[in-house]
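By the working numbering, the letter at position 82 of the sequence shown is numbered 96, and the numbering carries on one by one without gaps. Cβ coordinates follow ideal geometry from the N, Cα and C atoms, glycine included. Nothing here was measured: the structure is a model prediction, and the numbers come from that model.
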Amino acid sequence: MSVHPVYGPNPFKLGIFSANADGGLTLTTVPERWQARWNDVARLCRMADEAGFEFFLPIARWKGFGGATNSREHSFETFTFASALAAITERIGIFSTIHVPMIHPVYAAKALATVDHVSNGRAGLNIVAGWNPDEFAMFGIHAEAERYAQALEWYEVISRIYGEDAPFDFAGKYYQLRNVSGRPQPVQRPRPVTFNAAFGPPGRDFAAQASDFLLTTFSDIDAGKAHIDDINERARKFGRKLGVFTTAHVVCRPSQDEAEAYYERYAVTEADKGAVDYHMTQKQKFAGSHDEATFRLHAKRFAGGAGTYPLIGTPQKIAGEMMRMHKAGFAGTTVSFVDYLGELPYFASEVLPLLRDAGLRVA
Ligand SMILES: Cc1cc2nc3c(=O)[nH]c(=O)nc-3n(C[C@H](O)[C@H](O)[C@H](O)COP(=O)(O)O)c2cc1C
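Written out as structure tokens, the structure reads:
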């Protein structure tokens, strides 16, 4: 097995995020909005693979956000999705995003190992605790106050399935399991690469123990550095070191004016205001996933890309922002687009060479 792409040679890694869901990361009514139909997603993933992107990361969603579009209601389940993508790609890392409370760890261990075999060691797991009570209610469960305490047990069950030779009993607070086993073991040892997107302290302490990379948002790049210091400090207590990725939405055009005019159109004039209200209200009440300033100052970023960082402008501007991210210590970023398939070729042909010139991409 070769090394997982997230450990590849590029100093600044790139992933495509949320292409499995209607709207991608946007909440907009423009007609070219991403519909996440399978043939388009498959083409996109192959395109990203050929362009040298390190990973393809789906979002885990069970319910739409209402409004005019009910964005995200249509979203593909991420283990089965990953297996299909693994079979049609060559190099790119294929992640699944899994809600701990909804998916049992014995099932998750087997599903993830399956993807790892189909992809020959390119699987990855993004472990999320969930934040939307409307989604929990569909499963008849309540959001646990100690979501990440459950996540630690969940992670331990999977680790033991992969690591132990004999069946074991597990007597935890959240899981009481008898005679647990599961084969195959994954191709990656001791387990596939893990991501986690926690923001608050309990989640970050979980990430410090169970994740290889933290995904984090920030309101501006310089403030992002504080998040990296924070996670490094937490990881050190467990004798570990994590990489940190951030997450961004992209409008890349030949001129700055053109990019900004399009951003204004899809994320303000033609934003899906009902869906934006629902998303921001639920996030603010239940997720704590962003700096307070992001909610206060940047409503546009929620329609534009679910509160992620905006990379809006010319190829030079966007490459420059990525250089700043790299300098702040980020291992890379995810990107998303209004129309992934229509916009990725321009990004790949114009931005990637600039990143190469700057030494951020070498492969
Ligand atoms: C890049 C990224 C991806 C995320 N993906 C999901 C997801 O697919 N499903 C989900 O319910 N939450 C997702 N989240 C939200 C986080 O899992 C988490 O709930 C949020 O960051 C709040 O952090 P906390 O759990 O520490 O409060 C994502 C967050 C980020 C930054």
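Cβ atoms of residue j and residue i: under 8 Å apart, would you say?
i           : j           : result
residue 360 : residue 58  : no
residue 392 : residue 114 : An answer regarding residue 392 cannot be provided, because it is not within the stretch 15 to 377 covered by the chain.
residue 227 : residue 345 : yes
residue 343 : residue 255 : no
residue 337 : residue 374 : yes
residue 326 : residue 265 : yes
residue 143 : residue 217 : yes
residue 103 : residue 34  : no
residue 71  : residue 140 : yes
residue 252 : residue 38  : no
Just grab the DSSP bridge partners of residue i for me.
i           : result
residue 131 : Per DSSP, none; premise fails for residue 131.
residue 326 : 265
residue 142 : 113
residue 194 : 182
residue 108 : 70 and 137
residue 172 : Residue 172 pairs with nothing; no bridge assigned.
residue 34  : DSSP, once it has assigned bridges, lists no residue as partnering residue 34.
residue 27  : 346
Out of the options, point me to the one whose CA is closest to residue i's CA.
i           : options               : result
residue 45  : 110, 207 and 36       : 36
residue 129 : 150, 111 and 143      : 111
residue 329 : 320, 230, 269 and 312 : 269
residue 335 : 205, 155 and 26       : 26
residue 135 : 66, 161, 20 and 356   : 20
residue 248 : 370, 223, 34 and 131  : 223
residue 331 : 368, 52 and 72        : 368
residue 32  : 371, 364, 340 and 322 : 322
residue 236 : 279, 182, 260 and 188 : 260
residue 146 : 296, 349 and 99       : 296
residue 347 : 23, 69, 50 and 18     : 69
residue 117 : 74, 333, 63 and 49    : 74
residue 55  : 24, 43, 90 and 22     : 90
residue 88  : 49, 95 and 316        : 49
residue 290 : 258, 316 and 271      : 316
residue 161 : 362, 215 and 199      : 215
Is there at least one Cβ from chain C nearer than 8 Å to residue i's Cβ?
i           : result
residue 105 : Considering every chain present, this structure includes no chain C. It has just one protein chain.
Given residue i, which residues of its chain have a CB within under 7 Å of its CB, disregarding the five upstream and five downstream residues?
i           : result
residue 318 : 40, 263, 277, 281 and 324
residue 186 : 167
residue 292 : 79, 80 and 81
residue 67  : 28, 29, 30 and 106
residue 149 : 76 and 77
Give me, in chain order, the residues of the same chain whose beta-carbon lies closer than 6 Å to that of residue i; leave out the 5 immediate sequence neighbours on both sides.
i           : result
residue 138 : 107, 109, 206 and 207
residue 267 : 273
Below 8 Å CB to CB, which residues in the same chain sit around residue i once its five sequence neighbours on both sides are set aside?
i           : result
residue 172 : 119, 122, 123, 126 and 205
residue 202 : 15, 18, 130, 135 and 137
Any heavy atom of ligand 3 inside 7 Å of the beta-carbon of residue i?
i           : result
residue 213 : Although ligand 3 was asked about, the structure shown includes only ligand 1 as ligands.
Any chance the stretch 275 to 292 sits against the stretch 74 to 93, with 3 or more Cβ pairs inside 8 Å?
-> Enough Cβ pairs lie closer than 8 Å, so yes.
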